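Trainee:
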């Protein structure tokens, strides 16, 4: 962890667009944060599609620390959050809320009326963050997440929305 972030010294957090150059760092965080991480192809496809992809980092510009990132897809009057991840070393520090605030502001600026997302049924911590941000449970997608050795039938997704 960056020494400036580990100390009580103030530091600047900032958003930057995710680019192919930072994908290796993003993939390291993705793989460390999830049992079922996005693949490099998922990120490259999102870049190619022109999705909103923001990296949150902090510390000195010459050696920033990756705090988290999000990927969102703009629709006609809505935005769909596809991925939001806080690096494990920085979880439970409020960074997910910072990213949700930034995404909500960007979405409003795009004329979106709604922000949508899916969350694993088993991810109670994420659901609590989303609910505290104002998201409401509106449905469920059965077997939305792929099957694995641990979950041979896949896992259901909770569909949540936020009126902007």
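In our numbering, the protein residues as written are 604 to 767.
Quick reminder that beta carbons are idealized off the backbone N, C-alpha and C, glycines included.
Owing to the predicted nature of the structure, the values given are computational and were not obtained by experimental measurement.
1. How about the region 736 to 752 and the region 656 to 665: do they share at least three Cβ pairs that are nearer than 8 Å?
2. Please go through the region 680 to 759 and give each complete beta strand (DSSP E) segment of 3 or more residues, from N-terminal end onward.
3. Work out the CA separation of residue 761 and residue 714 for me, nearest whole Å.
4. Would the region 698 to 717 count as touching the region 672 to 689 if we require 3 or more Cβ pairs under 8 Å?
5. With DSSP collapsed to three states, give me the class of residue 626.
6. State the Cα-Cα distance for the pair residue 632 and residue 679, rounded to the nearest angstrom.
7. Where does the unbroken beta strand (DSSP E) through residue 660 begin, and where does it stop?
8. Considering just the uninterrupted stretch of the alpha helix (DSSP H) at residue 615, what are its terminal residues?
9. Please list, in chain order, all residues of the same chain as residue 621 whose beta carbon is under 8 Å from its beta carbon, the five residues on each side excluded.
10. Using the Cβ count rule (16 or more neighbours within 10 Å means buried), how would you classify residue 769?
11. Of the residues 720, 695, 616, 627, which one's Cα is nearest the Cα of residue 644?
12. Check the DSSP bridge columns for residue 677 and list the partner residues they point to.
13. Give the straight-line distance between the Cα atoms of residue 804 and residue 670, rounded to the nearest whole angstrom.
Mentor: According to the data block:
1. The region 736 to 752 vs the region 656 to 665: no contact.
2. For the region 680 to 759, the continuous beta strand (DSSP E) assignments of 3+ residues that do not extend past its boundaries occur at 681 to 689, 717 to 723, 739 to 748, in sequence order.
3. Along the chain shown, one-based indexing puts residue 714 at 111. Along the chain shown, one-based indexing puts residue 761 at 158. Each residue's alpha carbon lies about 25 Å from the other.
4. Segment contact: the region 698 to 717 against the region 672 to 689, three or more CB-CB distances shorter than 8 Å; contact assigned.
5. Start at 1 with the first residue of the chain shown, and residue 626 comes out as number 23. Residue 626 falls in the helix class under three-state DSSP.
6. As a working mapping, residue 632 is identified with position 29 in the chain shown. As a working mapping, residue 679 is identified with position 76 in the chain shown. Looking at the two C-alpha atoms, the distance is approximately 31 Å.
7. Position 57 of the chain shown, counted from the start, is the residue given in the question as residue 660. Residues 655 to 661.
8. Counted from its first residue, the chain shown places residue 615 at position 12. Unbroken run through residue 615: none, as it is neither H nor E.
9. As a position in the chain shown, residue 621 is number 18, starting the count at 1. 629, 646, 650, 656, 657, 658, 672, 674, listed in sequence order.
10. There is simply no residue 769 to check, as the chain begins at 604 and stops at 767 in what is shown.
11. Looking up residue 644 in the chain shown gives position 41. Comparing Cα positions, the closest option is 627.
12. Residue mapping note: residue 677 aligns to position 74 of the chain shown, counting from 1. DSSP output for residue 677 lists 682 as bridge partner(s).
13. A query on residue 804 cannot be resolved here, the shown segment of the chain reaching from 604 to 767 and no further.
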